[in-house]
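Quick notes on the structure that follows.
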Amino acid sequence: LMERHGIGTDATHADHIETIKQRLYVGMEQAKFLVPGQLGMGLVDGYDTMGLEMSKPNLRAELEADLKL
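What follows is the structure, encoded as structure tokens:
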């Protein structure tokens, strides 16, 4: 997902995954599958309810592209 939307690098993927696990945005199932956590789903629902695009992957890609200018 991150590569498809132009966000992050191969070197940062593991760090991103660990961060979202530590913050309980996702959990692990059968020690190999990430599953959405209540907090993660709540954040996405909240952003969607407010009409914010913060939960959309293309927003982060745009922010990263702007930072490279």
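When we follow UniProt numbering, the leftmost residue of the sequence shown carries the number 1, and every step to the right adds one. The C-beta atom is built at its ideal place from N, Cα and C for all residues, glycine as well.
Do residue i and residue j have their CB atoms nearer than 8 Å?
{"i": "G40", "j": "Y25", "result": "yes"}
{"i": "G51", "j": "G37", "result": "no"}
How many Å lie between residue i and residue j at the Cα?
{"i": "L34", "j": "L43", "result": "17 Å"}
{"i": "T49", "j": "A65", "result": "26 Å"}
{"i": "E18", "j": "A31", "result": "13 Å"}
{"i": "K21", "j": "D15", "result": "10 Å"}
{"i": "H13", "j": "R60", "result": "14 Å"}
If I measure Cβ to Cβ from residue i and keep anything under 7 Å in the same chain, skipping five residues before and after, which residues do I get?
{"i": "E29", "result": "V35"}
Residue i: beta carbon under 7 Å from a heavy atom of the ligand FMN?
{"i": "K32", "result": "Looking for the ligand FMN in the displayed structure turns up nothing, as the structure carries no ligands at all."}
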